[in-house]
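Here's the structure, in structure tokens; my notes come after.
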Amino acid sequence: MDRFVFLLLILYLIGIAAQLNIPNEDPGWRNDPSNNQKIEWHEFLPTTTDKRSFVLKYSNDKENLQSSELYNARLLGIAHLSSRDSPSCLTFDYLITDDKSNKLSVFVHNRTVWRSRLRSEQSAIHIQLNISSPSSTSSLRMDTLIAFDGQVTNNGHIELKNILITHQACPPSILKSSNTKRLTLPFKSPNSRIIPSVTTKAVAGYDCTFEQDMCGWTQGRNNTLDWFREQPISNNLAGIVGPLTDHTYGNSTGYYVTTRLSIPVTTFSDIDISILVSPRLLDNVPGSMCAKWWYMMHGTDDTEFNVYLIPNENFTSTKPIWRRSGDQGRHWQHGQIQIEPGNSITRVVYEVIAIWSIRSEVSLDDVLLLDGPCIKPDFHSISCTFEEEHICGYSSDPTGQLAWTRGKGATSTTLTGASEDHTLGTAQGYFMFIETSSPQKPGNKGRLISVVEQPQYGRCLQFWYHMYGRNIGQLNVYMSTNTSGNDTHPLVWSRGANVGNVWRKAQISTEYKDPFYIVFEGVVGNGIEAS
């Protein structure tokens, strides 16, 4: 696989917070012996015999550590887990303090099942996860590696307490509890994914995370394919066809709804239509409302995702008010539309139209209806590390011949592509890239478009890019103050040379008087070593 890789500079790191809980059995928690980064997990209270609570922070001996750098350490344990049909429950409490770049992840058998999503907190957060062995069928308990990966700077630390594993599924009552912060947090930050449970003008059954059921949403009458609830853990092709995580919890056990062909294919249709209809909205609403959702749209270019506002229950005389087409990348993205008062809107409708393809799929999660006009989400920014799935509001231009995708790790082709990102400097860090291998052709283009940024004196655009390969293509950067939607984008920076297997820094002035946006354009080069 050939990649043309590129990453924006970390102008600031978006904070992530998380904590963990494990075993009823004793997994024998220990530090990863292969760690060479000079920090490690310590027992929270070393004088006790309870080996279920730990803390990760810089040691007192800091002369060899730079306070601004990010170091990580893994806490490893072996648990005896059975298949996903008989999951065990992992619970823990965590607290991440001070530095917004500190973060925590949980791995089961080297697969990410959870990442922290909150900013630093003043009190511990309780988490529970259904976990299972890598086997999909075995009822026998298998030795399974569990790892807590913490990343910290000299500012702040991570506390991980009361790790407990019980050999039964997590009780649903805990997921619904009012003490579960992840179900009641307001939708304010890029790292706080959970939608509010109630809106001011509550429309019964509208707000939905799809964790329990379809809420008040119903299938369209003329569907050739229906929407259905799914967990990534139950999808053997997750990451290829369908998301690796849901949006609500950011793990493999959360639910979303999706529409695609079932495998094996039993019926064929030239064009498939999937419609999802909201509950009826309130009549005579005096003010504006905002409909929000998260979606993932990945596969072929022959797919449309449309959103309609239906007036007076008239399902036949309306045009889509929001539309996306083609491959939008394998990551969750945010969408919203404003519903104005006085136009008699009674329904919100999601529609997917796809020319037959096993790999075409659209997924939907965390639908929400709020009082008041839509506002720009606060995670929308030109500044981005791409460590979060929302990618700061960037979007891949659907009119291009290829899509920008969020990814990590090395390519399968030698002498091409990046093996590590720039943010973390590891294979676990994320960057944006375009796929340049067959059937892509020389000269094909993919454009990554930023959100609109307000002008501010003294600021400049700084980013890191990776162009490695004998037959490298072109990376162009355009800036435009024209937000009316035409194709006028002045070229402000361009590179078309092999710069080696290293991240390079570029810097461009942004001295504009008007709001502007940025377009990063990747052009496919000649030959297989074009990345």
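Here the sequence shown is numbered in my numbering, starting from 544 and rising by one per residue. Ideal placement from N, C-alpha and C gives every residue a C-beta, glycine not left out.
Given a threshold of 16 other Cβ atoms within 10 Å of its Cβ, counted over all protein chains shown, does residue i qualify as buried or as exposed?
i     : result
I814  : exposed
Q694  : buried
V1020 : buried
D789  : buried
K719  : Model confidence at K719 stands at a pLDDT of 31, short of 50, so the residue's coordinates are unreliable and nothing is read from them.
Q711  : exposed
R654  : exposed
V1045 : exposed
A1040 : exposed
P576  : exposed
R764  : exposed
T859  : exposed
D826  : exposed
I783  : exposed
P998  : exposed
N645  : buried
N857  : exposed
N1069 : exposed
L551  : Here L551 scores only 44 on pLDDT, less than 50, and its place in the model should not be relied on; the value that follows carries that caveat. The residue in question, L551, is buried, as its Cβ has 16 or more Cβ neighbours within 10 Å.
E1054 : exposed
N734  : Note that N734 has pLDDT 31, beneath the 50 cutoff, so the model's placement of it is unreliable and no number is given.
A961  : buried
R1047 : exposed
L619  : buried
I738  : Caution is warranted here: a pLDDT of 33 is assigned to I738, below 50, making its placement in the model unreliable, and the coordinate value is therefore given only provisionally. Under this definition I738 is a buried residue.
S721  : Any answer about S721 is weak, because its pLDDT of 29 lies below 50 and its placement is not dependable; what the coordinates show is given next. Label assigned to S721: exposed.
L703  : buried
Have a look at the options and flag the residue whose alpha-carbon is nearest the alpha-carbon of residue i.
i     : options                    : result
N615  : S596, I706 and W584        : W584
G936  : L945, G952 and Q876        : Q876
L638  : M1010, E586, I668 and L618 : I668
H623  : V656, S659, N653 and D686  : D686
E612  : I582, M1010 and W1036      : I582
W840  : F858, A897, T796 and E904  : Before going on, a small fix: residue 840 reads as Met here, not Trp. Checked all of F858, A897, T796 and E904; the closest Cα to M840 is E904.
H652  : S675, R658 and D636        : S675
N987  : I1015, W572 and R873       : I1015
V828  : G869, I882, S926 and G842  : I882
Y1008 : P941, V995 and F976        : F976
R573  : G759, S631, W657 and D692  : D692
R617  : R990, I689 and N857        : I689
F597  : F635, P630 and I621        : F635
D569  : F650, N705 and T640        : N705
Q755  : L787, A781 and T796        : T796
I1051 : H1032, H874 and W1036      : W1036
G968  : S659, T928, Q1005 and D870 : T928
V910  : G571, D940 and M757        : M757
R949  : G943, I934 and G1012       : I934
P941  : V656, I992 and N1069       : I992
I818  : N794, E847, K835 and G842  : E847
Does the distance from the CB of residue i to the CB of residue j come in under 8 angstroms?
i     : j     : result
L633  : L672  : yes
N849  : S887  : no
V895  : T767  : no
Y749  : L912  : yes
Y798  : F753  : yes
C833  : P884  : no
K600  : H700  : yes
A897  : P822  : no
Q851  : V892  : In the sequence on display, residue 851 carries Tyr and not Gln. Yes, they are a contact pair.
G872  : E930  : no
H874  : E932  : yes
A953  : G989  : no
L1004 : G1065 : no
I925  : R890  : no
S938  : Y838  : no
Can you name the start and end residues of the beta strand (DSSP E) that residue i belongs to?
i     : result
F1063 : Y1060 to V1066
C935  : It is not in any beta strand (DSSP E) - C935 carries neither H nor E in the DSSP assignment.
D692  : M685 to V695
T889  : I888 to I898
A1049 : R1047 to S1052
Q711  : No beta strand (DSSP E) holds Q711; DSSP gives it neither H nor E.
H790  : No beta strand (DSSP E) contains H790, which DSSP labels as neither H nor E.
S675  : Here S675 belongs to no beta strand (DSSP E), and DSSP marks it neither H nor E.
Y1008 : C1003 to H1009
C751  : Looking at the DSSP string, C751 is not in any beta strand (DSSP E), and its letter there is neither H nor E.
M839  : M832 to H841
Assuming residue i contacts residue j (C-beta within less than 8 angstroms), just tell me the rounded distance between them.
i    : j     : result
T979 : V1067 : 5 angstroms
G785 : N778  : 5 angstroms
V820 : W760  : 7 angstroms
S631 : I708  : 6 angstroms
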